[in-house]
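Residue 203 is where the sequence shown starts when you use my numbering, and the numbers rise one by one after that. Here a beta-carbon is modelled for each residue, glycine too, at the ideal position from N, C-alpha and C. Right, one structure below, let's go through it.
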Amino acid sequence: MKIAGSTALVTGANRGFGRHLAAELVARGATVWAGARNPDTVDLPGVTPVRLDITDPASVAAAAERAGDVTLLVNNAGVSTGADLLDGDLAQIRLELETHYLGTLSVVRAFAPRIAANGGGTILNVLSALSWFTIPGVGAYGAAKAAEWSMTNALRLELAGRGVRVAGLHVGYMDTEMAAAVPGPKAHPADVARLAADGIESGSYEILADDVARRVQAGLSGGVAALYPALP
Numbered sequence: 203m204k205i206a207g208s209t210a211l212v213t214g215a216n217r218g219f220g221r222h223l224a225a226e227l228v229a230r231g232a233t234v235w236a237g238a239r240n241p242d243t244v245d246l247p248g249v250t251p252v253r254l255d256i257t258d259p260a261s262v263a264a265a266a267e268r269a270g271d272v273t274l275l276v277n278n279a280g281v282s283t284g285a286d287l288l289d290g291d292l293a294q295i296r297l298e299l300e301t302h303y304l305g306t307l308s309v310v311r312a313f314a315p316r317i318a319a320n321g322g323g324t325i326l327n328v329l330s331a332l333s334w335f336t337i338p339g340v341g342a343y344g345a346a347k348a349a350e351w352s353m354t355n356a357l358r359l360e361l362a363g364r365g366v367r368v369a370g371l372h373v374g375y376m377d378t379e380m381a382a383a384v385p386g387p388k389a390h391p392a393d394v395a396r397l398a399a400d401g402i403e404s405g406s407y408e409i410l411a412d413d414v415a416r417r418v419q420a421g422l423s424g425g426v427a428a429l430y431p432a433l434p
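Next up, the structure:
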């Protein structure tokens, strides 16, 4: 699709990657709704803030009514609790799933019919290399992102006949607040935003934003031994 002239909604657009992607879409000529639980925290010029808590069905429904002209939906809003699966707080594990999986699905269910009615368009789900691979300390996040990846594949098939393309963005670590405690190199969110926008315009189903995502995807064919060589 062409971003210029489109109307986009970016969830979690008040900070981090969402803010950078909203700015990139504005620069490319889109009209942008910037979703945030507190719209007063949206300070990006050129966007229209809209109240949106993706875990609250009433909030999602209200946002869909207000931003019914959308042709590009970016599901970016997320959370990272750091909970592990065996000993982590079950409420935090549930929050990860309710945000990344059920929350994202709720937004898609509200907006996909509107995108189709508006002549078709694109949905981009912001996933992660952790959709395919996990490390200690991110068990809940990785499981939720893996569920979101599977959901992305299913929605891609279900919406293909309605003129709605569903894409997934996989990235390792970005230099945002969510990954502040992670050591090592990180991609700049502005660079990832440009790659994501390029992928949307080229019609890519899977957008791999960095070498980490590319290496992990390539390793999937090698099975458990290739992905986790330290296992006995």
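Closest by C-alpha distance to residue i, when choosing among the options
i	options	result
V418	T213, I337, I409, L429	L429
K347	L361, R364, N327	N327
S352	L433, V368, L211	V368
D413	S406, H372, Y407	H372
G322	I337, G365, M376	G365
M203	A215, A331, D400	D400
A288	G214, Y303, G339, L433	The question names Ala, yet the displayed sequence has Leu at residue 288. If we check each option's Cα against that of L288, G339 comes out closest.
T250	T257, D258, P241	P241
E226	A432, A415, A392	A392
A260	A411, A331, V309	V309
Proximity of residue i and residue j at Cβ, strictly below 7 Å
i	j	result
L274	T306	no
N278	G220	yes
A265	V252	yes
L422	W334	yes
L361	A312	no
A395	M376	no
G374	A415	yes
A342	I295	yes
T257	N216	no
Contacting residues, own chain, Cβ-Cβ under 6 Å from residue i (five flanking each side not counted)
i	result
A232	I205, S208, A210
G370	N327, L329, T354, E408
G248	V228
N320	T273
E300	T257
R239	D255
Counted within 10 angstroms of its Cβ, other Cβ atoms place residue i as buried (16 or more) or exposed
i	result
E267	exposed
P434	exposed
G214	buried
S404	exposed
H222	buried
L359	exposed
L357	buried
G237	buried
V426	exposed
I402	buried
I317	buried
A224	buried
A345	buried
Sequence-distant residues of the same chain with beta carbon closer than 7 Å to residue i, five excluded per side
i	result
L297	V281, T283
A269	L211, W235, V252
R230	I205, A206, A399
CB contact below 7 Å: residue i versus chain D
i	result
V340	Protein chains in the displayed structure number just one, and chain D is not present.
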